[in-house]
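Please read the structure below before turning to the comments.
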Amino acid sequence: MTTPASKTRRIAIDPLTRVEGHGKVTLLLDEHAHVTQARLHVVEFRGFERFIEGRPYWEVPVMVQRLCGICPVSHHLAASKALDAVVGAAPVSPTADRVRRLMHYGQVLQSHALHFFHLASPDLLFGFDAAPERRSIAALAAELPEVARQGVLLRRFGQECIRLTAGKRVHGTGSVPGGVNKAVTPAERAALKADLPQVLAFAREGVARIAELYGARRAELEAFGTAPSGLLSLVGRDGRLELYDGVLRARDAHGAVLLDGVDPARYREHIAEGVKSWSYMKFPYLVSRGPDSGSYKVGPLARLQNCDFIHTPLAEAERAAFVAEHGGRPVHAPLAYHHARLIELLHAAEVIGELLDDPDLSGDDLLRKGPRATEGVGVIEAPRGTLIHHYRVSPDDLVTHCNLIVSTTHNNQPMNDAIREVARTHLDGHEPTEGLLNHLEVAIRAFDPCLSCASHALGQMPLHVEVRGPGGALLGSRTKESRG
Amino acid sequence: MSPGKKLKVATASLAGCFGCHMSLLDIDERLFTLLERVELDRSPLTDLKVLSACDLGLIEGGLCNAENVEVLRLFRARCKVLVAVGACAINGGLPAQRNHLDVRECLTKVYGEGSVPNDPELPLPLDQVHPISDVVRVDYFLPGCPPSAEVLWQFLTDLLDGRTPKPGAGLIAYD
Ligand code: SF4
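Residue numbers (this note's numbering), protein chains in the order written: chain H, 832 to 1315; chain S, 71 to 245.
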């Protein structure tokens, strides 16, 4: 089982908290408290890819967003984009494009705000080994109420962008294959615009706060859990930071470009996935580098360093400062994700400002269609990184094949590398206290993993399962032979 | 529940997508009012990993593996009032779409023959996704996918004020 030698101790952090989804970390220690193994396990399975098959294609954008309640819009839009190709509507109308972009940038803004303010910030503001009672939004609200308030209001604004475009804050229905079913009215536009100056101000304060926090502890944070890997993201065709639609670019750990200008529909030629027995989350890698050295990071830190520039001025100034601060070398420190994430939050607020001034946001050309195709790939930069949806649809409108590579999955190997590194430098040889164990979670949290998204596959080994009712009555049981 | 007292509230996400938790956060600034009146215990939003005796337990998600069942039983044992929040907790929700499929076949399809994950650290999957009321007694059911922030707010303030929760007409949606 998990204790191969009698002196080996197993320590589990279960459940992981202040991250989204279901996961745990296990450590094996030998008799001298040396860490012999550190692993992040994704413990849930879903089977979305399998049960989407056989469903009519138009249900898909609404179904798949139930993979994830924090970034439902990413799945909603990646599926819509893939199916635009199937209904012959790519590119969609300018109005559909703007409405979807508003939904998406609203989503990036709310998700980044949630991650920093509601979930991760206590680690940075109160310390990695603060008492567990202090490491939550409740403590933030009590001790730094203004910071908490700004986080809540930033998130609210992003959620309102989503509600006004998707119909609902969580699991809306605004985007459909071929376009959208609603534009933004002038009144809705005005309501969002009224909040924008405050949102921009809070976003700028957020970046300033993290830059200061990071700067004050640079050497320590720079080393924390740091492990080199490649970087992957979409970029705009002109090399800009682009989160809704673009081409794939990858760099190696030193920043050299490995792939560029790749049509996302050809992702399969460049990305492959490995499987390990101890996690339901797969391990993607770049085909050209192979499974052992082809791992890469996605998400804010990858995007910020992969792009050539940001087209919005406030975020571009912050990006340039970030690059200069690190001497132009690629940064692999997990905790630098926070800084990159808040720069992106500022960028999202600026893009929303542009969209709210764009007349196309209120047009009435919502839906298009053209010659049918049998296959579509939709790739988007979700808050947590590159999200790939791939479908095949039969002539009678049913999905015959579905493949999803979700953002967090790309970061699987980097997250495992990060906790191994933290275990090696902070825990090795020490008696693992609660505070020390939180160090492992701090490293994982920095990636903002969405283990909910990442658990779309089904698990093995239903050996003997019984479900009993409240009174102990057997409601169902099933036995299968093990293959293990 | 007697009015005026700080309630201890725990939350869990079983086989859910966290959308119900997000909907709770969608009460926006009212979160601060809520935090003045409740103390959060074990929850994905805190680092408290051990569940203490609580007044209220909010459960998102249905049951898809043995660990979900264990956590749910623990919540039932320690929470005076247990609430099924959202479609997944009430009837399995979207994850229950897998119920008509054979688990083995799904696995092989996703991971490939011979490389399906299999490790003692991974909890035993159930062959069907179950509603939480299949396993424990449930005091309240809040429908919706997710129930809106308004429903959750109304429900929680009713409980905090000592009233029987009655989310008003038009608030509940069965999506
Ligand atoms: S009910 Fe809906 S929002 Fe809630 S966990 Fe289930 S899928 Fe997510």
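Glycine included, C-beta positions come from ideal geometry on N, C-alpha and C.
- The three-state reading of DSSP puts Asn1247 (chain H) in helix, counting H, G and I together.
- Secondary structure at Ile901 (chain H): coil, using DSSP grouped into helix, strand and coil.
- Under the three-pair Cβ rule at 8 Å, the stretch 980-987 of chain H counts as touching the stretch 939-951 of chain H.
- Inter-residue distance for Asn1243 (chain H) and Pro1280 (chain H) is about 9 Å (C-alpha atoms, whole angstroms).
- The DSSP assignment places 173-181, 219-230 as complete runs of the alpha helix (DSSP H) inside the stretch 171-230 of chain S, in order along the chain (cut-off: 4 residues).
- With contacts defined as CB atoms closer than 8 Å, Pro1095 (chain H) and Val918 (chain H) fail to qualify as a contacting pair.
- Each residue's CA atom was taken as its position, placing Pro235 (chain S) and Leu126 (chain S) some 13 Å apart.
- Chain H places no beta carbon closer than 8 Å to that of Asn161 (chain S), leaving this residue out of the contacts.
- Nearest neighbour of Ala962 (chain H) by Cα position, chosen from S:Ile160, S:Pro216, S:Leu118, turns out to be S:Leu118.
- Between Leu1197 (chain H) and Ser924 (chain H), the gap from beta carbon to beta carbon is short of 8 Å.
- Residue state for Tyr244 (chain S) is assigned as coil, using DSSP reduced to three classes.
- Going by beta carbons, Phe1278 (chain H) and Ala1164 (chain H) fall outside the 8 Å limit.
- Assignment of Leu152 (chain S) by DSSP, reduced to helix, strand and coil, places it in the strand class.
- The DSSP-derived three-state label of Asn1242 (chain H) is coil.
- The three-state secondary structure of Phe879 (chain H), taken from DSSP, is helix.
- Judged by DSSP in its simplified three-state form, Cys87 (chain S) adopts coil rather than helix or strand.
- In the DSSP assignment, Tyr936 (chain H) falls within the alpha helix (DSSP H) that extends over 925-944.
- Contact note: Val874 (chain H) reaches chain S through Asn135, Glu137, Glu191, Leu192, Pro193, using a C-beta cutoff of 9 Å and chain order.
- Between the alpha carbons of Ala82 (chain S) and Ala1014 (chain H) lies a distance of about 36 Å.
- DSSP, reduced to helix, strand and coil, places Ile844 (chain H) within a strand of the structure shown.
- One alpha carbon belongs to Lys179 (chain S), the other to Ala1167 (chain H), and they sit about 37 Å apart.
- Of the candidates H:Tyr1111, H:Leu1044, H:Asn1137, H:Gly1086, H:Asn1137 places its Cα closest to the Cα of Leu1079 (chain H).
- Under the Cβ criterion (8 Å, minimum of three pairs), the stretch 1118-1130 of chain H does not count as touching the stretch 197-207 of chain S.
- Between Pro193 (chain S) and Ala157 (chain S), the C-beta spacing is not below 8 Å.
- Using a C-beta cut-off of 8 Å, the stretch 1129-1136 of chain H makes no contact with the stretch 1260-1267 of chain H, since fewer than three inter-stretch Cβ pairs fall below that distance.
- Just so you know, the alpha carbons of Pro1161 (chain H) and Arg1000 (chain H) end up roughly 36 Å apart.
- Per DSSP, reduced to three states, the secondary structure at Lys855 (chain H) is strand.
- Contact annotation: Asp1228 (chain H) and Pro1008 (chain H) have beta-carbon atoms that are not nearer than 8 Å.
- Relative to the ligand SF4, even the nearest heavy atom lies 7 Å or more away from the CB of Cys1281 (chain H).
- Taking a Cβ-Cβ threshold of 8 Å, none of the residues of chain H is close to Pro201 (chain S); the smallest such distance is about 10 Å.
- Distance from the CA atom of His1241 (chain H) to the CA atom of Glu890 (chain H), rounded to whole angstroms, is 26 Å.
- The way I'd put it, the stretch 894-904 of chain H doesn't touch the stretch 961-977 of chain H; fewer than three beta-carbon pairs between them come closer than 8 Å.
- Using a Cβ-Cβ cut-off of 8 Å, Cys124 (chain S) does not count as an interface residue toward chain H, since no Cβ of chain H sits closer than that to its own.
- Per DSSP, reduced to three states, the secondary structure at Cys124 (chain S) is strand.
- Remark: C-beta atoms of Glu130 (chain S) and Gly162 (chain S) do not approach each other more closely than 8 Å.
- Exclusion of the five residues before and after Val1030 (chain H) leaves Leu985, Phe988, Ala1180 as the residues of its chain whose Cβ lies within less than 7 Å of its Cβ.
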